[in-house]
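In the numbering used here, the protein residues as written are 1 to 80.
Every residue gets a Cβ at the ideal spot worked out from N, C-alpha and C, and that includes glycine.
Given the structure is predicted, the values throughout are model-derived calculations rather than measurements.
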């Protein structure tokens with residue numbers, strides 16, 4: 001799977017790395033993607049997902065079911 005958060009859609013960004021003499025070269029800015037096994041109470045099972053740490057904080061706040069419904073994600077495809 002790609003380095004992409006399934007909840008927020010965050011993916012790598014391309015930016016300029018600027019040296020002291022102002023020469024520019026391309027660099028990749030990678031999002032903080034974590035692979036986590038999270039318990040899904042409504043499905044009574046665990047789901048294994050790759051998500052950003054921002055999405056992990058939102059899941060702590062709202063719950064995984066509410067956040068998945070908000071972004072239109074079916075959690076059954078990620079069950080273990």
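Would residue 12 and residue 34 be called neighbours here (beta carbons separated by less than 8 Å)? Stepping through the chain shown from its first residue, residue 12 is reached at position 12. Stepping through the chain shown from its first residue, residue 34 is reached at position 34. No.
Looking at the structure shown, is residue 15 part of a helix, part of a strand, or coil, going by DSSP? In the chain shown, counting from the first residue as 1, residue 15 sits at position 15. Here residue 15 sits in strand by DSSP.
Given residue 79 as reference, the closest of 57, 46 and 64 once Cα atoms are compared: Numbered from 1 along the chain shown, position 79 holds the residue referred to as residue 79. Of the candidates 57, 46 and 64, the residue whose Cα lies closest to the Cα of residue 79 is 46.
Quick test of the definition: if touching needs 3 or more C-beta pairs under 8 Å, does the stretch 3-10 touch the stretch 36-54? The stretch 3-10, when compared against the stretch 36-54, does touch it at the 8 Å Cβ threshold.
CB contact below 8 Å: residue 19 versus chain D: Included in the structure is just one protein chain, with no chain D present.
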